[in-house]
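**Student:** Take a look at this one; I'll ask things after.
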Ligand code: UDP
Ligand code: MG
C-alpha cells in the first residue's frame with residue numbers, strides 16, 4: 079500500500095475552469111507549509127467546460143492530486159459525499175473550488191484538530207461581494223433551520239470544514255440519498271468547534287448555486303432534520319377548526335339575536351380560498367417527505383463515477399465499496 083496520507087482536501091468542482099489553476103496553486107502552497115503528506119481530491123461534478131481536461135492535466139503532473147469524474151452533475155452535496163468516500167487522510171478538509179473559502183484558514187483548523195477536536199468548521203463572520211438577496215436568504219435559512227431542526231446545526235456555516243477520519247467513517251455509514259452534509263456532521267457528534275473567517279467574493283465565474291439549487295438544499299436541510307413541517311398539518315388543522323368554530327358561533331348569534339341578513343358570498347369565498355391554500359400547502363409538505371422516501375426506497379447509488387485518476391489501486395477498491403452504498 080502507498081504511504082499513509084495525513085491530510086485529504088476534498089474540492090467539489092462544477093464548471094470552474096477560470097479558477098481551477100489558481101485554486102490548485104493556493105491550496106498546494108498552503109498544504110506544503112503543513113509539512114505532512116496530503117492529497118488534493120477534486121470531484122468533478124459533471125462539468126461541461128474545460129474543468130475536466132484541466133484537472134487531468136494537473137493530476138498528470140502532481141502525484142498529490144486525485145480526480146474523480148462523475149458521469150453527470152449530481153450536485154454539490156453528493157460531490158462532497160463522494161470525496162469523503164474516497165479520501166484516505168487522517169483528517170479531511172472540504173473546501174469550495176472558487177476560493178471563496180480561504181485555504182489559508184486550513185492551518186488554523188489543523189491546529190484545532192491537533193488539540194483534539196474531531197470537527198473544525200469555518201463560521202462566516204462576514205460575506206463579501208454577494209448580493210443582498212443571497213446574504214439575506216442564507217441568513218434566514220440558517221436561522222429557520224436552527225429553530226426547526228432536532229439536531230443543533232451551527233448557523234452561518236457552510237461545508238468548509240475539517241473532519242477527523244472517525245467522522246468520515248461515520249459519514250460513510252449514512253446512506254441518505256439527499257444528504258445535507260453539514261447537518262449529518264452535527265448529528266454525528268464528537269468534539270466540534272468553530273474558527274471564524276470572512277468569506278471572500280468569488281474571483282472568477284459566477285455562482286453555481288442558482289435559486290433552484292438553493293431551494294433544494296434548504297428543503298433537504300429541513301426535511302432531513304425536522305418533522306415539524308409534517309406536524310404543521312395538525313397544528314394548522316386545529317387552528318382552522320378553532321377559527322371555524324368561532325365563526326359558526328358568530329353566525330348563530332347573528333341569526334338568533336340580530337336582524338342582520340348575512341349575504342354570505344364573500345365570507346364563503348374567503349374561507350374557501352384560505353383553506354384551499356392551507357390544504358395545498360400541507361399536501362405539498364407531505365409530498366416533499368414522500369418524494370424523499372421514494373428515493374430512499376428506490377435505493378439507487380448516489381453517484382456514478384466515470385473515471386478515477388491518481389488513486390492508489392488498493393485504496394480505490396476500498397473506496398468503491400463505500401461508493402456503492
Ligand atoms: N458545485 C458542485 N456541483 C454543483 C454546484 C456547485 O460541485 O452542482 C461546487 C462549485 O464548483 C463550488 C462549490 O460547489 O466549488 C460551491 O458552489 P458555489 O461557489 O457556486 O456556491 P456559492 O458559493 O455561490 O454558495
Ligand atoms: Mg462560491
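Residue numbers (the working numbering): 79 to 403.
Backbone N, C-alpha and C define an ideal beta-carbon position, used for all residues, glycine too.
Given the structure is predicted, the values throughout are model-derived calculations rather than measurements.
With distances taken between CB atoms, is the gap from residue 235 to residue 200 smaller than 8 Å?
**Tutor:** Contact flag set, yes.
**Student:** Do you know whose CA, among 328, 198, 324, 162, lies nearest residue 274's CA?
**Tutor:** Closest by alpha carbon: 198.
**Student:** One question on the structure: do residue 208 and residue 279 come within less than 8 Å of each other, judged by their Cβ atoms?
**Tutor:** Contact: yes.
**Student:** Report the CB separation of residue 184 from residue 171 in whole angstroms; it is logged as a contact under 8 Å.
**Tutor:** At roughly 6 Å, the Cβ-Cβ gap stays under 8 Å, so residue 184 and residue 171 are in contact.
**Student:** For residue 92, does the count of other Cβ atoms within 10 angstroms reach 16, so buried, or fall short, so exposed?
**Tutor:** With 16 or more other Cβ atoms within 10 Å, it is buried.
**Student:** Answer yes or no: do residue 241 and residue 310 have a C-beta to C-beta separation smaller than 8 Å?
**Tutor:** For residue 241 and residue 310, no; Cβs fall outside 8 Å.
**Student:** Is the CB-CB distance between residue 152 and residue 122 below 8 Å?
**Tutor:** No, Cβ-Cβ distance for residue 152 and residue 122 is not below 8 Å.
**Student:** Going by Cα to Cα distance, which pick from 109, 308, 287, 232 is closest to residue 368?
**Tutor:** Cα-wise, what sits closest to residue 368 is 308.
**Student:** Along the chain, where does the alpha helix (DSSP H) containing residue 145 start, and where does it finish?
**Tutor:** Taken as a continuous stretch (DSSP letters only), residue 145 belongs to no alpha helix (DSSP H), being part of the beta strand (DSSP E) at 143-148.
**Student:** Please report the residue range of the alpha helix (DSSP H) in which residue 175 lies.
**Tutor:** It is not in any alpha helix (DSSP H) - residue 175 carries neither H nor E in the DSSP assignment.
**Student:** If I measure Cβ to Cβ from residue 298 and keep anything under 6 Å in the same chain, skipping five residues before and after, which residues do I get?
**Tutor:** Once the five neighbours on either side are set aside, the close Cβ partners of residue 298 are 256, 258.
**Student:** With a CB to CB cut of under 8 Å and the five nearest residues on each side skipped, what residues in its chain are close to residue 249?
**Tutor:** Once the five neighbours on either side are set aside, the close Cβ partners of residue 249 are 159, 162, 241, 259, 262, 263, 266.
**Student:** Where residue 114 and residue 394 are concerned, what is the direct C-alpha to C-alpha distance, given to the nearest angstrom?
**Tutor:** Roughly 22 Å separates the two Cα atoms.
**Student:** If you run the structure through DSSP and keep just helix, strand and coil, what is residue 112?
**Tutor:** Residue 112: coil per DSSP, three-state reduction.
**Student:** What distance in whole Å lies between the Cβ atoms of residue 391 and residue 164, which are believed to be in contact at a cut-off of 8 Å?
**Tutor:** So it is not a contact: roughly 13 Å between Cβ atoms.
**Student:** Find out if the Cβ-Cβ distance for the pair residue 188, residue 112 is shorter than 8 Å.
**Tutor:** For residue 188 and residue 112, yes; Cβs fall inside 8 Å.
**Student:** Using 8 Å for Cβ pairs, my map puts residue 283 next to residue 103. What's the rounded Cβ distance?
**Tutor:** Going by Cβ atoms, the distance from residue 283 to residue 103 rounds to 17 Å, so no, they are not a contact pair.
**Student:** Who does residue 198 pair with in a DSSP beta bridge?
**Tutor:** In the DSSP output, where bridge partners are listed per residue, residue 198 has 240, 271.
**Student:** When you compare only the Cα positions, how much space is there between residue 336 and residue 327?
**Tutor:** Roughly 13 Å separates the two Cα atoms.
**Student:** Is any heavy atom of the ligand MG found at a distance shorter than 7 Å from the C-beta of residue 155?
**Tutor:** No; taking the cut-off as 7 Å, the Cβ of residue 155 has no heavy atom of the ligand MG nearer than that.
**Student:** Sorry if obvious, but does the Cβ on residue 278 come closer than 7 Å to a heavy atom of the ligand MG?
**Tutor:** Result no, Cβ not under 7 Å from the ligand MG.
**Student:** List the whole-angstrom C-beta distance separating residue 181 from residue 88, where the pair is believed to meet the contact cut-off of C-beta under 8 Å.
**Tutor:** With a Cβ gap of about 13 Å, residue 181 and residue 88 do not count as contacting.
**Student:** Cα separation between residue 272 and residue 381?
**Tutor:** Whole-angstrom Cα-Cα distance: 30 Å.
**Student:** Considering only the alpha carbon of each residue, which of 193, 320, 303, 296 lies closest to residue 154?
**Tutor:** Ranking 193, 320, 303, 296 by Cα distance to residue 154 puts 296 first.
**Student:** Within the present structure, is the beta-carbon of residue 92 separated from the nearest heavy atom of the ligand UDP by less than 7 Å?
**Tutor:** Yes.
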